[in-house]
Every structure is written in C-alpha cells, then in structure tokens.
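Numbering (this note's numbering), first residue to last: 291 to 752.
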C-alpha cells in the first residue's frame, strides 16, 4: 500500500510537471505566432561617395518596364550613340528627380496599405491580490473591446488613401512626360547650338583672315588706321559671339548630363535626326478636347480631389459619437465570477469634429479651384505656343528668303573677286552677313522645334 501511495504521488507530480511544461510550451508557440508577422529592422547605410555614372552604357534601361508605351518598341543601345528616343529613355530611367518621385509612390502605396488595415482590438487584463487573509481568492478582470466607429469610416479612409496613391502615380507620370519633353529640348538645343557654333567659328576665321589682310594693306599704306580700328571692333564682336555660344553649348551639355543623372563632363555621342514631327490642326483640336482625360497632371488633380472628397465625408461621419464595445469577464475576491459587456460613447457636446470638418471642406474647395485653374492654364499655354509659332514661322519664311538671296550674292562675289570687280573687304562683308543670317535662321528653327516639343508634352502626343 505504501508503494502504491508513493507511485500515485510520483505520478501526480509528473503529471503536474507535464502540465506546467505544456503550458509554457503553448505560451512559447502563441508568442511565436504573434511575432511571425512582425516587421524586422533592416539597416540602410548612407552613401559616402558620389555615385553618378559617367558612361550611359553602364546604365541598364529596360524599355518594357517604362510606363510610356511609345518607348517600348525602341532598343536602347548607347554603343551606337544616343538618338532623341535613347536620350528620352535614359532620362526616364535615371533622372534623379524621378527616382525621388518613385520613392513618393512607394510611400503613397504604403499609406494606402495602412488605410486598408482594420483597427486592432484592445485586450484589457488586470489582477488583484487580497491583503486580507479572509479573502478566499484573488480577483481578476479581462476584457476585449473594439472601436465600432472606426469600422464605420474605414471604407472612406481606404477610398481616400487609394485615390491619394493614384494621385501620386499620375503625378509621377506627368513628371516623366515633362522630363521627356525637356530631354528633347536639350537634344535639339545641343544639336542646333553646335551648328551655330560651327558657323560662328567659320565667321570668326573669315573676319580674322580679312583683318590680317587689312593690316598688311595698312602697312603698305593702302588703307587708313581708322579703317583697321573699325574692322578690329567687328572682329572682336564676332569673337565675343563665338565665346558666348561656346558657353551656351557647355551649359546645354551640363544640363543634359544632370537631366540624365550622369556625372558632370560625361561624354555623350548624340546621333540621329534633330527634328520633331509637326502636329496637325486636327490633332491639336482633338488633344485640347481630351486634355482632362489625357493629361496626367489634370488626372492627378482629379484623383486628389476624389481623395479629399472622401476625407471630407469621413470627417462628417466622425462628428457622430465614437462608440467602443467589448466583452468583459471578471472574478472578485469572494470567488464570484461575472461576465458581461462594456460600452463607451463619446458625447458630441463641445467638439463634434467641427474643426476637422471645416478644414477638410476648405481643402476640398481649394483643390476644386486648383483643378479649374490648371485646366484653364493648360488651354492658355497651348494657345500661346500656337500664336508664337505663327509669328516665328513668318519670321522664318522671310529670313529664309534673305538667306537664299545672300547665298546668291556670295556666289556672285566669288566670281567678281576673280576679275577684280569687288574688293576683298566687301567680299568678306557679304560672307559674314550671309553667315549671320544662317545663324539667325538656325536660332528660329531651334525655337520652333523647342516649342513643338513643348506642345507635344502639353497635348500628350508621343
């Protein structure tokens, strides 16, 4: 009998120990399950050196991953040089400001995700230990509650966050359009400024050679010193224009490097035609009518307005009492157990969320007006370009006729010079006037093409 008692006592101890071990084991499992979905910290060290590449070939550009469909068929191959489409693709893929805008998109996506999450319930637990020996047990209270009002406005908050994320996406697309338009303008500017610089260098060499001959004639006593001094001023003026154009070419190259996210001084081999197809009047009319549906900046404002409208609705809902409901289980020190529910309601006596409602309403009005103003400005910007193009085209046609006439005069002066019918000084003057007119014509051509590139961006044509 004693052995049986000892055995039963040992078995009870083992059973109690097993129960405690199992309880702890289940606690560990519960803790592991709770932590399974927890975020963990990942370090992200800052760079210690500048990382801008100096060679476009080192940048990988996947045309299929770009958000602009008209770029997808093009094969990016910087080994053969960069045409206008290559420059646009590189700008979209590597522009620093677009990288920051894509980070904003990541933030907006995270905010939309956060808005879609339901509010966590609240678990309350308390335990009391009696200080009197007459109390038969300790007391405890456990409750589980949740915010019912947050559930009622959850869909509006989610709608607002998703519309805000859509606004960020469309703003990014608009920035990509603008970067492409700027890349085209800089490509055109680089090409035409180089042509103008070549003509200015030719003109500079021409007047310098003519001035050298004039100095020789002065030494022979054939021309006066006053004529030499006057010609020297002409030479200096041409040299100044050449130097100014060299600075403009350098500034354009630097601006293009910065736009493409390349290091200063990166060598770019620009190839291909430096032209942009003209947009027909019918395309312009259709584009103007479709602006609210096509322009990303206008669509972004529409999404922003929709987001703010949802926030305004949410604020109106939040003027009603905030309700929290839950269930409670408790035991007092007399070992009497109870179960029930709890309900808390915010009394809308003083606040009633009136301040937030006024703020959200005023913000919605501002976005409403901002959209109307942007739409009006979009039409006005296009009309201004079209009016400017008409004036520039008239100037271009007049100057083109003058260039043709000057070219014939230069050709005739060459034959007259061989027969001694025209002086060398007069021949140089005719040639410099012809070169000046050609430079002016190139400048007008550049302005027309830059406006055409801007028009493509504003209308949303590829």
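Note that CB positions come from ideal geometry on N, CA and C, so glycine has one too.
Note that this is a predicted model, so its numbers are computed, not measured.
Any idea what DSSP makes of residue 312, helix, strand or coil?
Looking up residue 312 in the chain shown gives position 22. Only weak support exists for where residue 312 lies, its pLDDT of 47 falling under 50; the coordinates are left without a value.
Excluding five sequence neighbours on each side, which residues of the same chain lie with their C-beta closer than 8 Å to the C-beta of residue 576?
Looking up residue 576 in the chain shown gives position 286. Around residue 576: no qualifying Cβ.
Ordered list of alpha helix (DSSP H) runs contained in the region 361-413, each at least 4 residues:
374-384, 386-405
Is it right to say residue 372 is buried, meaning 16 or more other beta carbons lie within 10 angstroms of its own, or is it exposed?
Indexing the chain shown from 1 puts residue 372 at position 82. Looking at its Cβ environment, which holds 16 or more other Cβ atoms inside 10 Å, residue 372 is buried.
Residues in its own chain within less than 7 Å of residue 238 by CB, not counting five upstream and five downstream?
The displayed coordinates of the chain run from 291 to 752. Any statement about residue 238 would go beyond what the structure contains.
Roughly how many whole angstroms lie between the Cα atoms of residue 399 and residue 455?
Working through the chain shown from its first residue, we reach residue 399 at position 109. Working through the chain shown from its first residue, we reach residue 455 at position 165. Approximately 6 Å, taken between the alpha carbons.
Just list the residues that DSSP pairs residue 629 with in beta bridges.
Numbered from its first residue, the chain shown carries residue 629 at position 339. The partner list for residue 629 (beta bridge, DSSP) reads 619.
At what residues does the alpha helix (DSSP H) containing residue 463 begin and finish?
Residue numbering aside, residue 463 sits at position 173 when the chain shown is read from its first letter. Start and end: 444-510.
Beta-carbon separation of residue 490 and residue 728 under 8 Å?
Along the chain shown, read from residue 1 onward, the residue named residue 490 stands at position 200. Along the chain shown, read from residue 1 onward, the residue named residue 728 stands at position 438. Not in contact: residue 490 and residue 728 (Cβ atoms no closer than 8 Å).
When the Cα atoms are used, what is the spatial distance from residue 549 to residue 386?
Sequence index remark: in the chain shown, residue 549 carries index 259 (1-based). Sequence index remark: in the chain shown, residue 386 carries index 96 (1-based). So the alpha carbons of these two residues sit roughly 8 Å apart.
Proximity to residue 557 [Cα-Cα], best of 463, 343, 336:
In the chain shown, residue 557 corresponds to position 267, counting from 1. Checked all of 463, 343, 336; the closest Cα to residue 557 is 343.
Between residue 468 and residue 542, how many whole angstroms is the CB-CB distance? I'm expecting something under 8 Å.
In the chain shown, counting from the first residue as 1, residue 468 sits at position 178. In the chain shown, counting from the first residue as 1, residue 542 sits at position 252. Incorrect: roughly 18 Å between the Cβ atoms, too far for contact.
Please state whether the Cβ-Cβ distance between residue 744 and residue 675 is less than 8 Å.
The residue labelled residue 744 in the question sits at position 454 within the chain shown. The residue labelled residue 675 in the question sits at position 385 within the chain shown. The answer is yes: Cβ separation under 8 Å.
For residue 682, collect the residues of the same chain with a Cβ closer than 8 Å to its Cβ; drop the 5 residues on either side in sequence, then sort them by chain order.
Indexing the chain shown from 1 puts residue 682 at position 392. Within the same chain, residue 682 has close Cβ partners 734, 737, 738, 741.
Measuring CA to CA, which of 620, 641, 598, 443 is closest to residue 658?
For the purposes of this step, residue 658 is identified with residue 368 of the chain shown, where counting begins at 1. Among 620, 641, 598, 443, the Cα nearest to that of residue 658 belongs to 598.
In or out: residue 412 buried (at least 16 other Cβ within 10 Å) or exposed?
Translated into positions along the chain shown, residue 412 becomes position 122. Residue 412 is exposed by the Cβ-count criterion.
Just to check my reading of the structure: residue 618 and residue 630 have Cβ atoms closer than 8 Å, yes? What is that Cβ distance to the nearest angstrom?
Here residue 618 is taken as the residue at index 328 of the chain shown, counted from 1. Here residue 630 is taken as the residue at index 340 of the chain shown, counted from 1. That pair is a contact at about 5 Å.
For residue 394 and residue 593, I'd like the C-alpha separation in whole angstroms.
As a first step, residue 394 must be located in the chain shown, where it is residue number 104. As a first step, residue 593 must be located in the chain shown, where it is residue number 303. Their backbone Cα atoms lie some 16 Å apart in a straight line.
Which residues share a DSSP beta bridge with residue 749?
Taking the first residue of the chain shown as position 1, residue 749 is located at position 459. Looking at the DSSP assignment, residue 749 forms no beta bridge with any residue, so it has no partner.
Could you give the DSSP three-state label for residue 337: helix, strand or coil?
In the chain shown, residue 337 corresponds to position 47, counting from 1. Residue state, collapsed to three classes: coil.
Let me know the secondary structure DSSP gives residue 430 once reduced to three states.
Position 140 of the chain shown, counted from the first residue, corresponds to residue 430. Of the three classes helix, strand and coil, the one that applies to residue 430 here is strand, per DSSP.
Can you name, in chain order, every residue of its own chain whose Cβ lies under 6 Å from the Cβ of residue 378, other than the five neighbours on each side?
Within the chain shown, numbered from 1, the residue matching residue 378 stands at position 88. Around residue 378: 470, 473.
For residue 554, collect the residues of the same chain with a Cβ closer than 7 Å to its Cβ; drop the 5 residues on either side in sequence, then sort them by chain order.
The residue you call residue 554 lines up with position 264 of the chain shown. Hits under 7 Å: 544, 547.
Reference residue 497; option with closest CA among 750, 732, 719
Sequence index remark: in the chain shown, residue 497 carries index 207 (1-based). When each option's Cα is compared against that of residue 497, the closest is 719.
Beta-carbon proximity list for residue 751, same chain, < 7 Å, skipping 5 on both sides:
Taking the chain shown and counting its residues from 1, one reaches residue 751 at position 461. Correct list, in chain order: 569, 573, 577.
If you check the beta carbons only, do residue 503 and residue 714 fall under 8 Å apart?
The count along the chain shown starts at 1 and reaches residue 503 at position 213. The count along the chain shown starts at 1 and reaches residue 714 at position 424. Contact: yes.
Those residues which DSSP pairs with residue 437 across a bridge
Working through the chain shown from its first residue, we reach residue 437 at position 147. Its beta-bridge partners are 614.
Kindly list the residues whose CB is nearer than 7 Å to the CB of residue 485, restricted to its own chain and excluding five residues on each side of it in sequence; keep chain order.
Position 195 of the chain shown holds residue 485. If we look at residue 485 and ignore the five residues flanking it on each side, its Cβ neighbours are 732.
In angstroms with no decimal places, state the Cα-to-Cα distance between residue 529 and residue 494.
As a first step, residue 529 is located in the chain shown; it is residue number 239 there, counting from the start. As a first step, residue 494 is located in the chain shown; it is residue number 204 there, counting from the start. If I take the Cα positions, the gap works out to 6 Å.
Take residue 685 and list the residues in its own chain whose beta-carbon comes closer than 8 Å to its own, dropping the five residues that flank it on each side.
For the purposes of this step, residue 685 is taken as residue 395 along the chain shown, with counting starting at 1. Contacts found: 734.
Rounded straight-line distance, which links the Cα of residue 661 to that of residue 748
Mapped onto the chain shown, residue 748 falls at position 458. Mapped onto the chain shown, residue 661 falls at position 371. Whole-angstrom Cα-Cα distance: 16 Å.
With DSSP run on the structure shown, which of helix, strand or coil describes residue 635?
Taking the chain shown and counting its residues from 1, the one referred to as residue 635 is at position 345. Reduced to three states, the DSSP call for residue 635 is strand.
Chain-order list of residues whose beta-carbon lies under 6 Å from that of residue 415 (same chain, five-residue window excluded):
Within the chain shown, residue 415 is the residue found at index 125, counting from 1. Within the same chain, residue 415 has close Cβ partners 432.
Mark residue 396 as exposed unless 16 or more other C-beta atoms lie within 10 angstroms of its C-beta, in which case mark it buried.
Here residue 396 is taken as the residue at index 106 of the chain shown, counted from 1. Its Cβ having fewer than 16 others within 10 Å, residue 396 is exposed.
Could you check which residue in 436, 403, 585, 463 has the C-alpha nearest to that of residue 391?
Numbered from its first residue, the chain shown carries residue 391 at position 101. Measuring from the Cα of residue 391, the nearest candidate turns out to be 463.
Closest by C-alpha distance to residue 366, when choosing among 352, 359, 408
Taking the chain shown and counting its residues from 1, one reaches residue 366 at position 76. Ranking the options by Cα distance to residue 366, first place goes to 352.
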